[in-house]
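With the UniProt record's numbering as the guide, the letters of the sequence shown map in order to residues 1 to 235.
Just so it is clear, CB atoms sit at the ideal spot from N, CA and C, and this is done for glycine as well.
I have placed the structure first, in the form of structure tokens, so that the comments after it can refer back to it.
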Amino acid sequence: TDFSSFNLRNSSPVVINNIFSEFIECSFPDFIVIYMDGSVSPLSAGYSFYISQLHISCTSNLPSSSSSFPAELFAIVEVLNFISTSSYKKFLIASDSMFCLQSLNSFSLHFHISPLILRIISILISLSQLDLNIQFLWVPSHVGIQGNECADSLAKSSSNLIRPSFSVIPLSDFTPLLQRHFFNFWSVYWRNLPSNFASRFKFIVPNITKNIWFKNVLLPRSTIVQFYRLRIRHN
């Protein structure tokens, strides 16, 4: 379920919250609404959830190397752990991460699937056997929805937590980190090569780019080779 059919960008926060409250009352009566969010900055990462009806909030930090996607997934795991200990039966998990919710909705087993996705699916299956009604709702970010704004602030405040994080980040989350490291290493190495090394090519390509010049260009390999030879003046 989503909230995407409502155009809220030009509305005031008061109007937005009134519309959202009416939507929840009509579509999810008697549900406990849980707002969740993940936050990542250059020096910190964390996640949170917030339940205004029960006056409950939770905040936890993650290793600073974490990216936003695992942070959002960890928030869902924490929410589901709370649900498993609650006496209520109906829950609505509200998130502003469309990608996260789509990943759960289009779940399929493949090599690159996040272990956190598998963990969430496993918990959801276990909770479904307890006759719990758990729904997910996408909400737009930064439009003034109070619960979502509270979850966002809590997630960002996780950088102030002193306690260390014991959350285990999936190995797949280190791929972008390694890519950035090797790109930066290769860029510095390329700039510091002797001036007479590959001078013709360095004149054309003074800096290493993240994508090759023919990315997304439909050219046969022979044409690409010809371009390379012309660029380095190779006959």
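Nearest to residue i (by Cα), restricted to the options the options
{"i": "G46", "options": "P70, I56, Q179 and L124", "result": "P70"}
{"i": "F91", "options": "A155, R119, N133 and L73", "result": "N133"}
{"i": "V15", "options": "I83, P194 and V143", "result": "V143"}
{"i": "V77", "options": "V188, L124, D96 and W213", "result": "L124"}
{"i": "I212", "options": "R191, F183, N81 and N196", "result": "F183"}
{"i": "T85", "options": "N216, L130, P194 and V225", "result": "L130"}
{"i": "Q53", "options": "Y35, I121, L62 and S41", "result": "Y35"}
Range of the contiguous alpha helix (DSSP H) that encloses residue i
{"i": "K90", "result": "Unbroken run through K90 is the beta strand (DSSP E), K90 to S95; no alpha helix (DSSP H)."}
{"i": "A45", "result": "Counting along the chain, A45 falls outside any alpha helix (DSSP H), though it belongs to the beta strand (DSSP E) covering A45 to I51."}
{"i": "I32", "result": "Premise fails: I32 lies in the beta strand (DSSP E), I32 to V40, not in any alpha helix (DSSP H)."}
{"i": "F23", "result": "P13 to S27"}
{"i": "A75", "result": "S68 to T85"}
{"i": "residue 239", "result": "Residue 239 cannot be examined here, being either before or after the span of the chain that is shown, 1 to 235."}
{"i": "F99", "result": "M98 to N105"}
{"i": "L154", "result": "Q146 to K156"}
Euclidean distance between Cα positions of residue i and residue j
{"i": "S21", "j": "I204", "result": "58 Å"}
{"i": "P220", "j": "Q179", "result": "27 Å"}
{"i": "Q146", "j": "E72", "result": "19 Å"}
{"i": "L118", "j": "F99", "result": "16 Å"}
{"i": "T59", "j": "S157", "result": "8 Å"}
{"i": "residue 239", "j": "L218", "result": "Only positions 1 to 235 of the chain appear in this structure, which leaves residue 239 out of reach."}
{"i": "H181", "j": "E25", "result": "49 Å"}
{"i": "F28", "j": "N81", "result": "21 Å"}
{"i": "Q135", "j": "K202", "result": "55 Å"}
{"i": "F74", "j": "L116", "result": "7 Å"}
{"i": "S66", "j": "F31", "result": "32 Å"}
{"i": "F214", "j": "V225", "result": "11 Å"}
{"i": "R191", "j": "F185", "result": "10 Å"}
{"i": "N196", "j": "P206", "result": "13 Å"}
{"i": "I121", "j": "N61", "result": "23 Å"}
{"i": "L101", "j": "R200", "result": "49 Å"}
{"i": "S114", "j": "S68", "result": "13 Å"}
{"i": "Y189", "j": "K210", "result": "15 Å"}
{"i": "S11", "j": "N18", "result": "11 Å"}
{"i": "N105", "j": "Y50", "result": "23 Å"}
{"i": "I83", "j": "S141", "result": "24 Å"}
{"i": "P42", "j": "N216", "result": "30 Å"}
Beta-carbon gap between residue i and residue j smaller than 7 Å
{"i": "L154", "j": "S87", "result": "no"}
{"i": "V79", "j": "I93", "result": "yes"}
{"i": "A151", "j": "D37", "result": "yes"}
{"i": "S222", "j": "I208", "result": "no"}
{"i": "S64", "j": "S44", "result": "yes"}
{"i": "D96", "j": "V33", "result": "no"}
Cutoff 7 Å: residue i Cβ touching any chain C Cβ
{"i": "S195", "result": "Reference to chain C is not applicable here, since this structure consists of a single protein chain."}
Host beta strand (DSSP E) of residue i (start-end)
{"i": "V217", "result": "No beta strand (DSSP E) holds V217; DSSP gives it neither H nor E."}
{"i": "T59", "result": "I56 to L62"}
{"i": "N133", "result": "N133 to W138"}
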